[in-house]
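These notes concern the structure reproduced below.
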Amino acid sequence: MSKGRRIRASVAVAAAGALALSACTPPEEADGPGNEADDTQFLRLATGSTGGTYYPLGGEIAQLWGEHIEGVQVDTFPTGASVQNLRALEGETEDEEEGQIDQVELIMSVNGVAMQAKESVGPFEDQPLEDPDDVFFLGNIYPEVMQVVVLADSDIESIGDLDGANVEIGPAGSGTEVAARDILDVYGIDADEDINTFDSDFGDAATALGDEQVDAAFGILSVPAAGIEEISANNDVRLLPIEGEEAEELQEVDESYDLMDVEGGTYSGQDEDVTTLTQWASLYSTGSLDDETAYELTRVMYEHADELGHAVGDQVQLDTALDAQGPMELHPGAQQFYEDEGVL
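Under mature numbering (1 follows the signal peptide of the UniProt record, and there is no 0), read the sequence shown as residues -30 to -1, 1 to 314, first letter to last.
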């Protein structure tokens, strides 16, 4: 049995406006009347692919900021997720729908990928950030669970059985791709030589799996994951376990990993608990974000998390906000909030 957390699947309906760009309001007096439009501070939040969790959840969080903070407008947009988002903090990036974006102040990222950026390793070894010390941690959002899904009638029983298979490993530069390559490696599989890799976002990957165009799909996702639920509506599915010596090896080299059991019954066809790896979806910014704004963004995200309609809304919790922080430095504004709340 896993030494980590257990999460029971819950059902919630995402708010109708979750995917819309959100307009928010400034951080001096929360929950008060708005200021003049000319005083509004405009920020952008880089999320993830439209088929994942980051984009809709990021939209809902931005809506919370709009309802409970004065003078800040936060717009969200879809991206390739973690690696791209961390690079976006330093310069231009691409919005999947709008094209070039010149400035990003807030990002969502897997905590392990942020740690790699800080230490200039992994996908940042050859192309490090110009100033890795200027990535500041605001807090954890929800557990990011690595879910490797196959159809229930597949002969594939473990990660090691993927040798020679057609496998969706996530979009290039995403946290899913980074973790998938690491996981495959500890099971003795070279992602570039031993399997046929595909790099779809999880929405398309789920469709490909359901249509039997691929044999397995990796996804760092919330629990339950909407994409997996959609597959299991027509095809029973199973999650492949990540445990034992391989999991221990991954934990030794990456402090962001923990173990978690996805309970049996979470998806149709998955009858038993499955142990897998989890990290955190976290919120980051740079030192240029003023302390007062950082304080209010952090405060509202936790104080009003119960207003989130997304299925992972109840996993946005103050008592796990600083779990697996690792080497990432807290933004001074966020740190003040945690000190005021007695968390630090």
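Ideal Cβ placement from N, Cα and C applies to all residues, glycine included. In this text the structure is predicted, and so the values were computed from the model without any measurement.
Near residue i, what residues of its chain come up, given a Cβ to Cβ distance below 6 Å and the 5 sequence neighbours on each side ignored?
i	result
L27	H280
L247	M116, I212, Y227
I198	V119, Y237
N136	N166, V184, D185
A178	V184
A264	H301, G303, A304
D243	D231, E233, G234
Suppose the cutoff is 7 Å on Cβ atoms and the five residues either side in sequence are ignored; what does the same chain contact list for residue i look like?
i	result
E277	L34
N55	A16, T49, I77, M78, S79
P297	M85, K88, E89
G239	A122, S202, D206, V207, R208
T290	N110
P102	A87, K88, S90
E200	A176
In whole angstroms, what is the alpha-carbon distance linking residue i and residue j?
i	j	result
A251	E100	23 Å
Q86	D96	12 Å
E114	T236	16 Å
E266	I39	7 Å
T268	D125	46 Å
Q183	N166	12 Å
D162	P141	14 Å
Y24	G18	5 Å
F12	G109	21 Å
D155	T10	48 Å
S170	E225	27 Å
T256	A150	28 Å
H301	A275	20 Å
D164	T146	18 Å
N81	V282	17 Å
A32	D181	35 Å
E222	F47	35 Å
E60	L288	28 Å
A51	R14	14 Å
E299	P98	18 Å
F188	G214	19 Å
L314	D293	12 Å
G134	D310	54 Å
G130	E218	16 Å
With distances taken between CB atoms, is the gap from residue i to residue j smaller than 8 Å?
i	j	result
G312	D261	no
A58	V74	yes
V193	V232	yes
A186	L132	yes
V105	Y308	no
Q249	I153	no
G29	G173	no
A196	E138	no
L210	S144	no
F107	Q306	no
I159	V286	no
Y272	E216	no
P93	V44	no
T245	L229	yes
With DSSP collapsed to three states, give me the class of residue i.
i	result
N110	strand
N205	coil
A161	coil
M116	strand
P(-5)	Its pLDDT being 39, under 50, P(-5) is placed unreliably by the model, and the measurement read from it follows with that caveat. The answer is coil: DSSP assigns P(-5) none of H, G, I, E or B.
A135	coil
L179	helix
S52	helix
Q249	strand
I39	coil
M298	coil
D284	helix
A32	helix
Q11	strand
V80	strand
residue 321	Because the chain in this structure spans residues -30 to 314, residue 321 falls outside the shown range and cannot be described.
V223	helix
Y237	coil
L154	helix
G143	coil
D276	helix
G173	helix
Here's a check: name, in chain order, each residue in its chain whose Cβ is nearer than 8 Å to the Cβ of residue i, leaving out the five neighbours to either side.
i	result
D241	G234, G235
V270	A(-1), L34, W35, H38, I39
F168	N136, V137, E138, I139, A175, A178, V184
V83	S52, V53, L56, G92, P93, G145, V148
L(-12)	With a pLDDT of only 31 at L(-12), under 50, the local geometry of the prediction cannot be trusted, and the value read off the model is given with reservation. Contacts found: T20, Y25, P26, G29.
Does the structure place the stretch 200 to 220 close enough to the stretch 105 to 124 that three or more beta carbon pairs sit under 8 Å?
By the criterion of at least three beta-carbon pairs nearer than 8 Å, the stretch 105 to 124 is in contact with the stretch 200 to 220.
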